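Contents: one structure, followed by commentary.
Protein chains: 2
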Amino acid sequence: MKGCILRKFSFLDKDGETMMPKVEELKKAVDVAAGRERADLLIKNINLINVFSNEIIKSNVVIAGRLVAGFGDDYKDAKEIIDGTGKYLAPGLIDGHLHIESSLATPRSYAEVVLPKGITGVVCDPHEIGNVSGVAGINWLIEASQGLELDVWVTVPSSVPATDLETSGAKLGLEEIEELLAHERVVGVAELMSFPDIIAGEQENLAKAALAYKYHKTAEGHAPSVRGLDLQAYLASGISSDHESTTYEEGLEKLRSGVYLMIREGSVTRDLDALMDLIKIEYADRIGFVTDDRLPNDLIKEGGVDCLLRRALAAGKDPAYAIRCASYNTALHYKLDRRGAIASGYFADFIIIDDLENLLISAVYKEGKIVAQNAQLSKDLARPKANPAAVLNTVKLPKLSLESFKMTVENLNAKVRCVKASPNQVLTEEIHISPKLKDNEVLVDLENDILKLVCIERHGKNGNIGLGLINGIGLKEGAIASTVGHDHHNLMAIGTNDEDLLLAANRLEQIQGGFVIVNKGQVLAELQLEIAGLVSDRPLTELQDKLDILEEHAAKLGNKITSVFMTLSFLGLEVIPELRVTDFGLVDVVKAELVSLEVN
Amino acid sequence: MKGCILRKFSFLDKDGETMMPKVEELKKAVDVAAGRERADLLIKNINLINVFSNEIIKSNVVIAGRLVAGFGDDYKDAKEIIDGTGKYLAPGLIDGHLHIESSLATPRSYAEVVLPKGITGVVCDPHEIGNVSGVAGINWLIEASQGLELDVWVTVPSSVPATDLETSGAKLGLEEIEELLAHERVVGVAELMSFPDIIAGEQENLAKAALAYKYHKTAEGHAPSVRGLDLQAYLASGISSDHESTTYEEGLEKLRSGVYLMIREGSVTRDLDALMDLIKIEYADRIGFVTDDRLPNDLIKEGGVDCLLRRALAAGKDPAYAIRCASYNTALHYKLDRRGAIASGYFADFIIIDDLENLLISAVYKEGKIVAQNAQLSKDLARPKANPAAVLNTVKLPKLSLESFKMTVENLNAKVRCVKASPNQVLTEEIHISPKLKDNEVLVDLENDILKLVCIERHGKNGNIGLGLINGIGLKEGAIASTVGHDHHNLMAIGTNDEDLLLAANRLEQIQGGFVIVNKGQVLAELQLEIAGLVSDRPLTELQDKLDILEEHAAKLGNKITSVFMTLSFLGLEVIPELRVTDFGLVDVVKAELVSLEVN
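Quick mapping for you: the protein sequence lines, in order, are chains B and S. Numbers given in the working numbering equal positions in the first sequence, counted from 1, plus 27. Numbers given in the working numbering equal positions in the second sequence, counted from 1, plus 27.
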């Protein structure tokens, strides 16, 4: 049948099972729906939010096992009955794009926090752990989210490493991406971030987009401020979504151009207000809500994708359509079968809302079982198997000494480049200063707030150390260090002296990753992130508490940047202007090249 | 990775290629979009019907190879330029459900007629040829539609055979369905027609629905008048669509229940007027247009799915949304990647509309190339390879003689059962009559319009012959016969005498299928359907001309039923009330059992 049977799939993994319902489950649901078998659960007199007809209908709903069996006034009995009078029933919320590592938590710890908020599914781009541990890191995420009550769908990171001006822990080439695309829970190729390359027609990036379609999955986008011909060129690659719009006009242009428009409200990037007017039924299936990056504190206090829904409702948006944007539309975009709506044959992922105006969620059900009530988990979540070696012991530093941090100039009169950090900004500036010198050695200059900024290769590959100067942090003593350093996640540190820099770095190797603050030879506080140096299995509140203590100590040492550890984690990201330090050294981002300390 | 890698796909067919764009094609589209390469085609100043934003926007559109490269005012040059001033640009139309065999044509002959009408894709349920030739028949359809300018997507027939009261040419069990689901162009399991079985929870039907989801494809529905708890039970199986709604209330109930609502306008079943009010933006992606079964004449004169769109526009429906129902919504439902809309990176399947109110389509483009202009094909369509043996020489009758048609009774005073056919009705009645006898032999009774109705097993399996009587046809002489006999497609014949019945049957074996009318030992007219006895490769107009001649002869012989060959083709369909004749004999459809000629 050459040329005719275009493509065949088969099941290679004999132990693998589809997550789709089995025949027995369907039979039970059919029997319950037909009234021949008693339902497991009946929710009666509830206002069902119908995302198909975009209306709210008072009805009774029956559940059979993992599935919704039916709705209608005729259903009157079940093993368990809930009176929904005055309440609302909506599908469980689905977050269309996020990086779970931004929460510093494992999927389990993340789920503990977001499930009680009504989030029953997330589409996750494990970009960070992909950079550290490659395919093994992605597989860890898939395994670590298996059996949780939260559905974790995965998109394969598409830009690992980000550039060739860094040493990452792993590379994800076409072969690795294709291997990962074969998994059932992998739903696409994650945000193709190298938009200038794609617009320029660079082959490998296009090949990554093509791979997604070969598997009938999606190629996701990331195109901040890309408009006009550039936008058309970016989309010609087959990329189908974007979550970077920050103005109404940009959002509308993208929507009209065929982009599945993800409206984002992250911890730092907050676009919802600007895009609020795009939330309307005329845009049907084309709008979805996402959080992208949320820090522990925001997740705990403000929530995840429920935050967008709550704000959209407060802004007076049609509830049925707003809920569609936080559930069914995302399911549709990623081709998640039988998710994101409440209808017979759909998975029984749903929430009960006591107060629709304020989105007060009183109960959360996942596949027919209650998982949270009144903002509290109803049970312990399953613990994943032991973490594989590939994501443990990932911090492998070169042998360090005080010499490692020594910076020199050749021309004693030359100005030197210095990174200028700004509060509440990921962007940095390049400034040129006259350094404080001792002979030809460049010293920290506390008076002028010129500190050392260091990036140490930590994947055990080459022992590179990149050195630079930074202004704007304000530390007067001690040092801070982190193994979270986007996107390569080498060890990033800022120090007022070399002794504390050395201690901070070595301490992070001892605890195999995390954040640390030291002063005068003492570790003041630390947050261990034992998995890939990125995330921890401890509860999110505990992580937040430790973060708070770290920040308090930093403030005492003079720090004037809010969330200084987050700021530190971006100081090595050589794709955001203007000046960065990777393990290769100083990178001029605009020119995309290494530059010397001295200005010539 | 047990329990973690849930499912893997691989490419078994080394010769197979995905229909998705290759990297070189993407690169070309990106280069054109970015303005670095000259477009193949520019359509300027045209009113683009944007199904994403549900609006009409004046713009310029550029095409690169098979793809839309971009739209925007900045595009001004191309190898070929079309001035679209005053015209409209819409995606090529997609028919969401049809049986190509109903047109009596091969995919190629079908495409010749529908392409000029703006239809660039159809989702086809090859139920008829599946009943005759099984997997080989479906594979024939896939192969026979390869390389046509019409996209033919396939759903796997789910009810072959219809019941165990007939001999079909093939069975499609779970194994065969799974084998077929692996093809790229196979998008789901076709209409699960045994709705009483599904509502009753019968396992094999549920397993068929489950198979579709195992492959991330869809399970399609067929549930006429199924409502209330029965509807909920039917949908609990995972079935996702229905095209059988005939009233607004039924349609709305199904829509609310999560059904992807296909609005049908076939040749016989015409539901559009009743469901017209369901065509509104509030129902977003949930409404699609389909034709199901259309006879050659209607296809030629009235069109295919364009007919629904034209009527919706005439009824004043929002053009952008109506077009969405005839294109993008269907693509979305079946997960047809990058089809059904005009946007950068989408396949360049589109139509140019001169007069939107009357849907006057002046040009049709498929994957960037013009295929029809002013209702005429622009080029010959590709001829498929030779038809495989499995779909040829499928008419294998037992050895027939005049004895074969002899009917007798034991009790000379008994009344006998007779099928009563009605004009313009697929339903039949069971009537009880006193037969005209010669000894104990039942004779044709022309005076009372009692003729013989015969079903001869024609798949070479067992040589069964079912005999019955029929009233309501009106033939006064001669006989008619057909190898189209739903769903088993055994040879169906009606005769005024045994000699002509014998001749008609034998003639159909000689020409290997089709329709024939004979009288007094002479073949008066015939229409050869050489492929599986169901369809022909000749042009649709030629088939229609021959059908007209057949009907004329039938009228001359006394026939009073419109489309008597279509009526004949349903007289053996033992799932539509009340009385039918299969090769097993007389079937009481309501009781679902064989009954004797004599009424006891």
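By construction, the Cβ of each residue, glycine as well, lies at the ideal position given by its N, Cα and C atoms. Please read these numbers as outputs of a predicted model, since none were measured by experiment.
Residues that residue i contacts on chain B, provided the C-beta gap is smaller than 7 Å
| i | result |
| --- | --- |
| residue 62 of chain S | 256 |
| residue 371 of chain S | 259, 262, 263, 284 and 285 |
Candidates the options, of which the one nearest residue i by Cα
| i | options | result |
| --- | --- | --- |
| residue 595 of chain S | S:448, S:611 and S:576 | S:448 |
| residue 371 of chain S | B:432, B:268 and B:444 | B:268 |
| residue 523 of chain B | B:207, B:45 and B:471 | B:471 |
| residue 265 of chain B | S:52, S:378, S:476 and S:337 | S:52 |
| residue 116 of chain B | B:198, B:367 and B:255 | B:367 |
| residue 445 of chain B | B:505, B:480, B:308 and B:539 | B:480 |
| residue 177 of chain B | B:298, B:72 and B:404 | B:404 |
| residue 224 of chain S | S:128, S:262 and S:380 | S:262 |
| residue 119 of chain B | B:397, B:420, B:605 and B:212 | B:397 |
| residue 147 of chain B | B:64, B:330, B:627 and B:274 | B:330 |
One or two residues paired with residue i in a DSSP bridge
| i | result |
| --- | --- |
| residue 589 of chain B | The partner list for residue 589 of chain B (beta bridge, DSSP) is empty, contrary to what the question assumes. |
| residue 498 of chain S | S:447 and S:477 |
| residue 289 of chain B | B:315 |
| residue 607 of chain B | B:614 |
| residue 105 of chain S | S:66 |
| residue 85 of chain B | B:74 |
| residue 98 of chain S | S:88 |
| residue 297 of chain B | B:292 |
| residue 546 of chain B | B:549 |
| residue 118 of chain S | S:377 |
| residue 150 of chain S | S:180 |
| residue 195 of chain B | In the DSSP output, where bridge partners are listed per residue, residue 195 of chain B has none listed. |
Integer Cβ distance of residue i from residue j, believed to fall under 8 Å
| i | j | result |
| --- | --- | --- |
| residue 154 of chain B | residue 217 of chain B | 6 Å |
| residue 69 of chain B | residue 89 of chain B | 5 Å |
| residue 152 of chain S | residue 184 of chain S | 6 Å |
| residue 201 of chain B | residue 233 of chain B | Not quite, the Cβ-Cβ distance comes to about 11 Å (not below 8 Å), so this is no contact. |
| residue 508 of chain B | residue 535 of chain B | 5 Å |
| residue 295 of chain S | residue 516 of chain S | Contact flag wrong, Cβ pair sits at about 18 Å. |
| residue 219 of chain S | residue 601 of chain S | Going by Cβ atoms, the distance from residue 219 of chain S to residue 601 of chain S rounds to 18 Å, so no, they are not a contact pair. |
| residue 114 of chain S | residue 380 of chain S | 6 Å |
| residue 337 of chain S | residue 84 of chain B | Not a contact, Cβ separation roughly 33 Å. |
| residue 214 of chain S | residue 244 of chain S | 6 Å |
Chain S residues whose Cβ lies nearer than 7 Å to that of residue i
| i | result |
| --- | --- |
| residue 313 of chain B | 79 |
| residue 156 of chain B | Near residue 156 of chain B there are no residues of chain S at all, since even the closest Cβ is about 15 Å away, more than 7 Å. |
| residue 362 of chain B | 243 and 362 |
| residue 58 of chain B | 228 |
Cross-chain neighbours of residue i in chain S, by beta carbon under 9 Å
| i | result |
| --- | --- |
| residue 48 of chain B | 237, 240 and 265 |
| residue 84 of chain B | 283 |
Beta-carbon neighbours of residue i, restricted to chain B and to distances below 8 Å
| i | result |
| --- | --- |
| residue 101 of chain S | 255 and 256 |
| residue 392 of chain S | Simply none; closest approach about 17 Å. |
Cross-chain neighbours of residue i in chain S, by beta carbon under 8 Å
| i | result |
| --- | --- |
| residue 127 of chain B | Chain S residues near residue 127 of chain B: none, gap ~16 Å exceeds 8 Å. |
| residue 192 of chain B | Those do not exist, as residue 192 of chain B stays about 24 Å from chain S at its closest Cβ, beyond 8 Å. |
| residue 633 of chain B | This structure leaves residue 633 of chain B out entirely; chain B is present only between 28 and 627. |
Contacts of residue i in chain D (Cβ-Cβ under 8 Å)
| i | result |
| --- | --- |
| residue 53 of chain S | The structure shown has no chain D; the protein chains it does contain are B and S. |
Chain-ordered neighbours of residue i on chain B, where CB pairs are closer than 9 Å
| i | result |
| --- | --- |
| residue 357 of chain S | Within chain B, no residue comes near residue 357 of chain S; the closest Cβ sits about 13 Å away, beyond 9 Å. |
| residue 119 of chain S | Per Cβ cutoff of 9 Å: no residues; residue 119 of chain S is ~16 Å from chain B at best. |
| residue 302 of chain S | Those do not exist, as residue 302 of chain S stays about 14 Å from chain B at its closest Cβ, beyond 9 Å. |
| query | Quick check: the region 103 to 111 of chain B against the region 248 to 257 of chain B, are there 3 or more CB pairs under 8 Å? | reply | no
| Stretch pair the region 548 to 555 of chain B + the region 110 to 130 of chain B: three plus CB contacts closer than 8 Å | When C-beta atoms of the region 548 to 555 of chain B are compared with those of the region 110 to 130 of chain B, fewer than three pairs fall below 8 Å, so the two segments do not count as touching.
| message | Can you confirm whether the region 93 to 100 of chain B touches the region 368 to 383 of chain B when touching is taken to mean that 3 or more C-beta pairs between the two stretches lie within less than 8 Å? | response | yes
| query | Does the region 404 to 419 of chain B come close enough to the region 461 to 481 of chain B to have 3 or more Cβ pairs within less than 8 Å? | reply | no
| field | the region 581 to 590 of chain B in contact with the region 420 to 433 of chain B per 3-pair CB rule at 8 Å | value | no
| query | Given 8 Å as the limit, is there contact between the region 162 to 176 of chain B and the region 354 to 364 of chain B, that is, 3 or more CB pairs closer than that? | reply | no
| task | Flag this pair as touching only if the region 314 to 321 of chain B and the region 284 to 293 of chain B have three or more C-beta atom pairs under 8 Å; answer yes or no. | result | Yes: the two stretches touch, three or more of their Cβ pairs being nearer than 8 Å.
| task | Assess, as a yes-or-no matter, whether the region 490 to 502 of chain S is touched by the region 518 to 532 of chain S under the definition of 3 or more beta carbon pairs within less than 8 Å. | result | yes
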